[in-house]
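Okay, structure first, notes after.
Chains as they are written, first to last, in our numbering: chain F, 2 to 172; chain L, 4 to 142.
Below, the structure written as structure tokens:
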């Protein structure tokens with residue numbers, strides 16, 4: 002789910018930037034330090050929308066660096082267990098289906114795919130029902146329920162399931 | 004020795020509207036809203052002279068929200084927000100309904116289990132029909 006969250010960050014500024022363009026540099030550093038990162042707590046930070054406040058810079062004793070505490074708002078993507086999301090299939094193989102939901106990867110194990118769907122190894126690989134009524138292959142849009150997430154250094158990885166009603170291929 | 008540690012995961016479960024406290028009252032965004040915001044940022048960055056490239060996370064999210072965006076303009080998004088705002092729904096549920104656009108009350112309750120038992124089926128169906136109407140009339 003996408004959220005618009007108020008967050009805080011500290012920018013460390015080297016004295017070489019002290020000049021008329023200081024605040025601009027602080028803002029640019031905020032963008033580059035925070036956008037594209039990911040944490041277990043807030044999820045993926047997609048983009049900063051507004052900078053609410055740049056606090057007073059505190060000079061670090063012993064070094065010339067200055068710390069600016071910044072309050073800003075950003076669009077974040079944070080998956081939750083139990084939520085249903087739209088995904089795009091990126092890879093199909095016999096262990097399951099790999100999908101992408103925006104910046105995040107989600108894997109659906111063979112065991113979380115309804116048993117009436119069988120793996121078909123013919124090129125292109127797919128999962129299909131016996132009567133070929135439903136075919137899941139690379140590039141298809143599917144609805145998946147998140148059953149678990151794993152936070153891994155700077156990435157979140159999700160595990161999904163297609164076992165409930167109305168999940169699977171989006172009409 | 005204190006057994007609790009800071010990294011202890013909070014019991015989160017969207018089907019029961021159980022979220023970590025930072026997200027309990029957080030503003031949810033529809034895929035369409037995220038697309039409009041990212042599109043705006045993209046054109047800003049293209050017209051500005053700095054060649055700070057937008058990263059992979061941005062690009063993937065931009066493509067994803069463009070692909071799954073259901074509402075084409077601000078007026079429609081505002082109308083949808085008004086519609087879902089009239090019911091007593093959690094912010095998460097409002098966004099989930101608008102993003103997934105279920106067609107029947109049964110589908111809505113299956114995809115968003117927290118809706119179960121809180122509304123009559125007719126009420127949910129009416130809301131879903133209103134959303135579909137707005138979608139079909141957007142230009």
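Yeah, the Cβ is synthetic: ideal placement off N, Cα and C, and Gly gets one too.
Every value quoted in this text rests on a predicted model; they were computed, and no experiment measured them.
- With fewer than 16 other Cβ atoms inside 10 Å of its own Cβ, residue 154/F counts as exposed.
- For residue 75/L, the CB contacts under 6 Å within the same chain, skipping 5 residues up- and downstream, are 141 in chain order.
- Assignment of residue 5/F by DSSP, reduced to helix, strand and coil, places it in the strand class.
- Not a single C-beta of chain L is nearer than 9 Å to the C-beta of residue 98/F.
- The beta-carbon of residue 60/L is placed less than 9 Å from the nearest beta-carbon of chain F.
- Within 8 Å of the CB of residue 72/L, no CB atom of chain F is found; the nearest one sits about 11 Å away.
- Look at residue 64/L here: in three-state DSSP terms it is helix.
- With distances taken between CA atoms, residue 41/L lies nearest to 68/L out of 68/L, 19/L and 55/L.
- For residue 110/F, the uninterrupted beta strand (DSSP E) run begins and ends at 105-110, by DSSP.
- Within its own chain, the residues whose Cβ lies closer than 8 Å to the Cβ of residue 101/F, once the five positions on either side in sequence are excluded, are 88, 89, 91 and 107, listed in chain order.
- The residue among 70/L, 121/L and 62/L with its C-alpha nearest the C-alpha of residue 90/L is 121/L.
- Contacts with chain L (Cβ-Cβ distance below 7 Å) from the region 46-77 of chain F involve 47, 48, 50 and 76, listed in chain order.
- The three-state secondary structure of residue 60/F, taken from DSSP, is strand.
- Fewer than three pairs of CB atoms, one per stretch, sit closer than 8 Å, so the region 91-106 of chain L makes no contact with the region 68-77 of chain F.
- Around the C-beta of residue 56/F, fewer than 16 other C-beta atoms lie within 10 Å, and the residue is accordingly described as exposed.
- In this structure, residue 97/F and residue 110/F form a Cβ contact; the two beta carbons are roughly 4 Å apart against a cut-off of 8 Å.
- In this structure, the beta-carbon distance from residue 53/F to residue 82/F does not fall below 9 Å.
- Taken atom to atom, the span from the alpha-carbon of residue 136/L to that of residue 78/L is near 14 Å.
- DSSP places residue 139/L in the uninterrupted alpha helix (DSSP H) bounded by 124-140.
- Taken in chain order, the members of the region 93-121 of chain F whose beta-carbon sits within less than 8 Å of a beta-carbon on chain L are 101, 102, 103 and 104.
- In the three-state DSSP reduction, residue 96/F falls in the coil class, being neither helix nor strand.
- According to the DSSP secondary-structure assignment, residue 148/F is paired through a beta bridge with no residue.
- Apart from sequence neighbours up to five positions away, the residues of its chain that approach residue 102/L with a beta-carbon distance below 8 Å are 33, 34, 71 and 73, ordered along the chain.
- Rounded to the nearest whole angstrom, the C-alpha separation of residue 92/L and residue 30/L is 13 Å.
- With its beta carbon less than 9 Å from one in chain F, residue 115/L belongs to the interface.
- Against chain F, the beta carbon of residue 16/L has neighbours under 7 Å at 82 and 83, listed in chain order.
- In the three-state DSSP reduction, residue 21/F falls in the coil class, being neither helix nor strand.
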